[in-house]
Amino acid sequence: MGIFKKNRTERNLPRHIAIIMDGNGRWAKKRALPRTAGHLVGSKKFKEIAKYCNKIGIQYLTVYAFSTENWRRPKEEVDTIMDLFRDYLKDTYDIRNENIRVRFLGDRKGMPDDLVELMNAAEQDSKDCTGLTVFIAVNYGGRDELAHAVRDIVNSGISAQEITEDTISAHLYAPDCPDPELIIRPSGEYRLSNFLIWQAAYSEFWYSDVLWPDFSTKDLEKAIDDFNRRNRRFGGV
Ligand code: IPE
Ligand code: IPE
Ligand code: MG
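Residue numbering for the sequence shown follows this note's numbering, beginning at 30 and increasing consecutively.
Next comes the structure, spelled out in structure tokens:
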């Protein structure tokens, strides 16, 4: 058995990988294309990476698709991103065929009504899929998620003394999902931009200058290999 095969079988796969899909606009600008062209290629890239994660046996993939702050962008760009999302949700056959389960993180109340219906339908249609679970973070903000959790906790009537870290985790958008072991951000930015701020407490970060539409399965493999070389101490020795 070659070294490559040995590495692949013995390595430790993160159970949950999260990706900040950034750099679509710059990718388009480099090619003198409208920013929206970058979003189109970026959305195709998402499908390719999700299929690959499923193939290699990752259990959870969370992708940051649209933040609570991204509404500040020009209307035309926001509309295009929502249209791409709509196209993706109308065609979930492909995803179900791959045995991928789709779920969403974020505030649905802020989303267009027809999209909320499509999101609910996609979750329902794929709920029995047993392969990868992909969480798409849309109209998602980590602070918004925490504010939402605090409101729910207060409404639950629990006493202040009873509130623990687990109480907060249990009121997040996906309480049943483990925290991501690995968070990937392409595009040369070194920040979280309000992504999974609670869940990222002990995540390993992996950055790359590659822009999201150029991100490849090789980059993902490199991130996983680097993750395998990290020494995670969780505050211990
Ligand atoms: C990420 O790419 C997609 C969204 C935020 C919706 P960007 O659109 O942020 O691309 P850059 O960062 O401007 O290159
Ligand atoms: C984060 O990227 C949001 C998504 C990738 C969806 P941004 O491009 O919005 O982040 P900033 O503005 O560079 O921090
Ligand atoms: Mg960006």
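Using N, Cα and C, we set each Cβ at its ideal position, and we do this for glycine too. Bear in mind that the values here come from a model prediction, so they are computed numbers and not experimental data.
When DSSP labels each residue in this structure, what does Arg262 get in the three-state scheme? Under the three-state reduction of DSSP, Arg262 is assigned to coil, being neither helix nor strand.
Mind checking who Leu211 pairs with in its DSSP beta bridge? Under DSSP, the beta-bridge partners assigned to Leu211 are Ile46 and Glu233.
Tell me whether Ser185 sits in a helix, a strand or coil according to DSSP, three-state version. It is helical.
Ser237 beta carbon near ligand 2 (any heavy atom closer than 8 Å): Proximity of the beta carbon of Ser237 to ligand 2 is not indicated: no heavy atom of the ligand is located closer than 8 Å.
State buried or exposed for Pro141, treating a residue as buried only when at least 16 other CB atoms are found within 10 Å of its CB. The residue in question, Pro141, is exposed, as its Cβ has fewer than 16 Cβ neighbours within 10 Å.
Strand pairing of Ala66, partner residues [DSSP]: Under the DSSP definition of a beta bridge, Ala66 lacks any partner.
Just how far apart, CA to CA, sit Ser232 and Leu118? Distance between the alpha carbons of Ser232 and Leu118 is about 29 Å.
Pull up the distance between the alpha-carbon of Leu134 and that of Asp173, whole angstroms please. Taken atom to atom, the span from the alpha-carbon of Leu134 to that of Asp173 is near 11 Å.
Does the beta carbon of Ala94 fall short of 8 Å from some heavy atom of ligand 2? Set against 8 Å, the gap from the CB of Ala94 to the closest heavy atom of ligand 2 is smaller.
Report all residues from its chain with a CB closer than 7 Å to the CB of His68; omit the five preceding and five following residues, and keep chain order. The residues are Asn53, Thr109, Ile110 and Leu113.
Using only alpha-carbon positions, find the residue among Pro215, Ala229, Glu127 and Ser72 that is nearest to Phe263. Nearest of Pro215, Ala229, Glu127 and Ser72 to Phe263, Cα basis: Ala229.
Out of curiosity, what's the CA-to-CA distance linking Ser237 and Arg214? Approximately 7 Å between the Cα atoms of the pair.
Is there at least one non-hydrogen atom of ligand 2 closer than 8 Å to the beta-carbon of Ser188? Ligand 2 has no heavy atom closer than 8 Å to the beta-carbon of Ser188.
Could you give the C-beta distance for Arg55 and Ser198, rounded to a whole number, given that I count them as a contact under 8 Å? About 35 Å separates the beta carbon of Arg55 from that of Ser198, a gap too long to meet the 8 Å contact definition.
Thinking Leu211 and Ala252 are a contact (beta carbons under 8 Å), I'd like their distance in whole angstroms, please. Confirmed, Cβ separation roughly 6 Å.
The alpha helix (DSSP H) that contains Leu118, what's its start and end? Per DSSP, the continuous alpha helix (DSSP H) segment holding Leu118 begins and ends at Lys104 to Lys119.
Using beta-carbon positions only, say whether Phe224 and Ser96 come within less than 9 Å of one another. Result yes, Cβ atoms of Phe224 and Ser96 sit closer than 9 Å.
Between Tyr93 and Ile48, is the Cβ-Cβ spacing less than 9 Å? At the C-beta level, Tyr93 and Ile48 come within 9 Å of one another.
Using only CA atoms, which one of Asp51, Arg40 and Thr65 lies nearest to Ile87? Comparing Cα positions, the closest option is Arg40.
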